[in-house]
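So the sequence shown is numbered by this note's numbering: it starts at -4 and just counts up by one.
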Amino acid sequence: MYAFISLPVVALMLFSFQDGLVPVPPFHGPTLRWYAELFADDRMMAALRNSVWVGLTSSAIATVLGFLAAYGLARYRPLAAGAIRGVLIAPIAVSYLVIGLGLSIVANELGVGRSLTLVVIGHVVINLPLAFAVVLSQMSPAQERLEKAARDLGASEVRVLALVTVPVLLPGLLAAFALSFTLSWDEFVIAFLLTRFDVTLPVEIWSSIRTGLDPETNAVGTLVFLLSVGLLAITLAVVSRLSRRRV
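Next comes the structure, spelled out in structure tokens:
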């Protein structure tokens, strides 16, 4: 089962080293020709930078907003907590196509052109529920008791937040950020609908393969996969280490 699922990834990585224009057997190579052409491709590199910027910005905003929402619900327990939680989680059930079209319509009505800023807003919308759920799951009565003890010792709300709440929640915050970045990094539908000239990497890849098979896309696909796996592996290692230190 796992071999069948991983077969497309293996094929992608294998043919990224093939010295031929058509990625079909038999294999000829290996060569780094397509990686050299990729790094010399100004459009691909610009799209890569755009994807990194959109991913980092939207993930940071979603993580901060998710933390504030989770902290407010867990600590202040408003009467409408259930309804607020439902509203925050609701975007998970909404199609990316609907979100992208909705933002596009709103932008047109306001006279705002399609841009990477709109993509960031769209990615915050889809990442916020995940960040909120991850951070909320880390809230615990033990943490609340630590915060209360700090207040009893004279610490202000700001110091409690900075010296107790955030350090304790740091593994969850890092996990929320990494998962949000991974979702944003290769998201296509919203980025396609909300950009025009400055596009993200998935949109640029789609534009490249629309007219035919391009061996360069195998190289960029391999890099995207390795970067995503590497980021998740590093995040899991850091979160695991921080969790052990907290215990």
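From the three backbone atoms N, C-alpha and C, an ideal C-beta is built for every residue, glycine too.
Everything numeric in this text was worked out from a predicted model, so none of it was measured.
When the cut-off is 8 Å and only beta carbons count, does residue i lie next to chain C?
i	result
LEU2	Checking the listed chains, one finds no chain C in this structure; it contains a single protein chain.
Would you tell me roughly how many angstroms separate the C-alpha atoms of residue i and residue j, rounded to the nearest one?
i	j	result
LEU105	LEU98	11 Å
ALA35	PRO25	19 Å
PHE220	GLY50	15 Å
PRO124	MET40	30 Å
LEU218	LEU141	43 Å
PRO73	VAL82	14 Å
ALA64	PRO3	39 Å
LEU231	ARG109	35 Å
ALA145	VAL155	6 Å
GLY225	ASP147	43 Å
THR52	GLY149	35 Å
LEU60	PHE127	8 Å
ALA214	LEU92	28 Å
ALA76	ALA6	48 Å
THR206	ILE200	11 Å
PHE10	GLU152	56 Å
SER135	SER202	47 Å
ASN122	TRP180	11 Å
ILE116	ARG236	32 Å
For residue i, collect the residues of the same chain with a Cβ closer than 6 Å to its Cβ; drop the 5 residues on either side in sequence, then sort them by chain order.
i	result
LEU164	GLN133
ILE204	THR212
Rank the options by C-alpha distance to the C-alpha of residue i and give the top, closest one.
i	options	result
PRO210	VAL233, TYR30, THR177 and VAL5	TYR30
LEU113	VAL155, ALA186 and GLY149	ALA186
GLU32	ALA88, PHE12, LEU92 and SER54	PHE12
ASP193	LEU43, PHE10 and LEU9	LEU43
PRO197	SER1, ALA78, SER46 and ILE0	SER46
LYS143	THR195, PHE127 and THR160	THR160
THR195	ILE79, ILE84, LEU111 and ALA173	LEU111
ILE248	ALA157, SER223, LEU222 and ALA173	An answer regarding residue 248 cannot be provided, because it is not within the stretch -4 to 242 covered by the chain.
Excluding the 5 residues preceding and the 5 following residue i in the sequence, name in chain order all residues of the same chain whose CB lies nearer than 7 Å to its CB.
i	result
LEU168	THR58, PHE62 and VAL130
ARG28	ASP14
MET243	Only positions -4 to 242 of the chain appear in the structure, and residue 243 is not among them; the question remains open.
Would you kindly report the start and end of the unbroken alpha helix (DSSP H) that includes residue i?
i	result
GLU182	Per DSSP, GLU182 belongs to no alpha helix (DSSP H) and is neither H nor E.
ARG146	136 to 147
LEU74	First-last for LEU74: undefined, no H or E at that position.
THR112	111 to 133
SER11	Unbroken run through SER11: none, as it is neither H nor E.
LEU27	Taken as a continuous stretch (DSSP letters only), LEU27 belongs to no alpha helix (DSSP H), as it is neither H nor E.
GLY97	91 to 105
PRO197	196 to 204
ARG154	152 to 155
Using a threshold of 8 Å, state whether the C-beta atoms of residue i and residue j are closer than that.
i	j	result
GLU139	ARG70	yes
VAL184	GLY95	yes
LEU227	THR177	yes
SER90	SER175	no
VAL234	ALA170	yes
Excluding the 5 residues preceding and the 5 following residue i in the sequence, name in chain order all residues of the same chain whose CB lies nearer than 8 Å to its CB.
i	result
ALA102	GLY108, ARG109, LEU113 and LEU189
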